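Its first residue numbered 1, the sequence shown is counted upward by one per residue in the UniProt record's numbering. Think of the CB as a built atom: it goes at the ideal place given N, C-alpha and C, for glycine as much as any other residue. Predicted model, so just to flag it, every value in this text is computed and none were measured.
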Amino acid sequence: MPPRIPGPQGLRGLTLCLRPAPTPAFQPLVQTANLSRKEKIRKMKQDPYAWAQAQQRKAASVSRRKELEAQRDAGWGSPIHGIPTPFVESFDTAGQAPLSTPLVDKHGNPLEEPHPLPTTPQLRNYLLSEEEVEKAIEQARNLTKPLTDPTGLTGDPVKEAEELEIHEAKHKKAVLAIQRIADLANGNAKDRKHANIRRCIETFGRHNTDLSLENPQPPLSRGVVPQPQVPRAGPDTGSSEVQIAILTAKIRALAHALDSQRGNKDKVNKRNLRKLCHKRQRLLRYMEKKERGSGRWQHMLETLGLSPATWKEQISF
Numbered sequence: 001m002p003p004r005i006p007g008p009q010g011l012r013g014l015t016l017c018l019r020p021a022p023t024p025a026f027q028p029l030v031q032t033a034n035l036s037r038k039e040k041i042r043k044m045k046q047d048p049y050a051w052a053q054a055q056q057r058k059a060a061s062v063s064r065r066k067e068l069e070a071q072r073d074a075g076w077g078s079p080i081h082g083i084p085t086p087f088v089e090s091f092d093t094a095g096q097a098p099l100s101t102p103l104v105d106k107h108g109n110p111l112e113e114p115h116p117l118p119t120t121p122q123l124r125n126y127l128l129s130e131e132e133v134e135k136a137i138e139q140a141r142n143l144t145k146p147l148t149d150p151t152g153l154t155g156d157p158v159k160e161a162e163e164l165e166i167h168e169a170k171h172k173k174a175v176l177a178i179q180r181i182a183d184l185a186n187g188n189a190k191d192r193k194h195a196n197i198r199r200c201i202e203t204f205g206r207h208n209t210d211l212s213l214e215n216p217q218p219p220l221s222r223g224v225v226p227q228p229q230v231p232r233a234g235p236d237t238g239s240s241e242v243q244i245a246i247l248t249a250k251i252r253a254l255a256h257a258l259d260s261q262r263g264n265k266d267k268v269n270k271r272n273l274r275k276l277c278h279k280r281q282r283l284l285r286y287m288e289k290k291e292r293g294s295g296r297w298q299h300m301l302e303t304l305g306l307s308p309a310t311w312k313e314q315i316s317f
């Protein structure tokens, strides 16, 4: 070691070293490591007020995060049902019931109040309408009505009155029978499916929505001239929104059938349900790319209750 020379108080660190001075290192300075989290917490705990404020900010952040997650989960919906709306709930009765069927507990007590549903009472079974049924009833009445002599010279007025009275009684029974046969409430699942398809065409067909919605088409890019629309010759059955609505009606009917007591054993229909959901997902992604921001897109999502879970990410159940 080099010899040390005693000196004043400020010169005690002075050393005599005969070695040459080292060359300066041309390397960047390395920043020293910050305090660890454990050390920060230890120093913060030394100040109780600062520690309480930190805990309060953390609790508020955690509470807000949970609130946002719950809101996002509620808006995400189910990949099968989305977020059911009154129009989708009316698929169960093909638009014939004015009120919904509330859920009940194991004792049969209702868990909620029934709410009104959109109805289409003009639809009848066997692809008939109310107007067609009334016209057929009137035509049958005229065809089966007994002939009478308007002059009263050759016929018996008493007998003719009795025949007319018997005819009216039989006609009332026939009308009651026809109304029961044509009532959708007495139909099967296939009849309700056909009725729901007609409802979807009338609700989402562009032959109606182009006239009822304010902005049916998506916004055009700058400089693009809008082209005149050719009027449709008949009902619209091939648009994406119509096909999505029809698939939604089929998915709801099949999902309710699988929710029954023996539905867990029906492997074939579980696969069919996944195929329908994936087909609807492809149509929704296509329509989002083509019609996002249009009145058709918003009208379809609000009416059918289609949430992001029905077309975003992977569908697996």
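The segment 302 to 310 makes contact with the segment 65 to 82; the number of CB pairs closer than 8 Å reaches 3 or more. Assignment of alpha helix (DSSP H) within the segment 265 to 298, counting only whole runs of 4 or more residues, yields 267 to 291 in chain order. MET300 is not a Cβ neighbour of ALA255, given a cutoff of 9 Å. Taking C-beta atoms under 8 Å as the contact rule, GLY205 and VAL242 qualify, at a distance of about 6 Å. When Cβ pairs closer than 8 Å are counted between the two stretches, the segment 86 to 98 is seen to touch the segment 190 to 201, the count reaching three or more. Separation of LYS265 and GLU69 (C-alpha to C-alpha, rounded to the nearest whole angstrom) is 34 Å.
Counting C-beta pairs with one atom in each stretch, the segment 220 to 235 and the segment 180 to 197 have fewer than three that are closer than 8 Å, which means they do not touch.
Each residue's CA atom was taken as its position, placing GLU288 and LEU99 some 32 Å apart. Taken in chain order, the whole alpha helix (DSSP H) runs of length 4 or more contained in the segment 137 to 187 are 157 to 182. Spanning the alpha carbons of HIS278 and GLN179 requires a straight line of approximately 39 Å.
Here SER129 carries a strand assignment [DSSP, helix/strand/coil].
Non-local beta-carbon contacts of GLU113 in its own chain, meaning distances under 8 Å to residues more than five positions away in sequence, involve PRO102 in chain order. The DSSP-derived three-state label of LEU304 is helix.
In terms of Cα proximity to GLN298, the closest of LEU213, ARG274, ASP105 is LEU213.
Under the DSSP definition of a beta bridge, LEU123 partners with SER129. A distance below 9 Å separates the beta carbons of LEU184 and ASN125.
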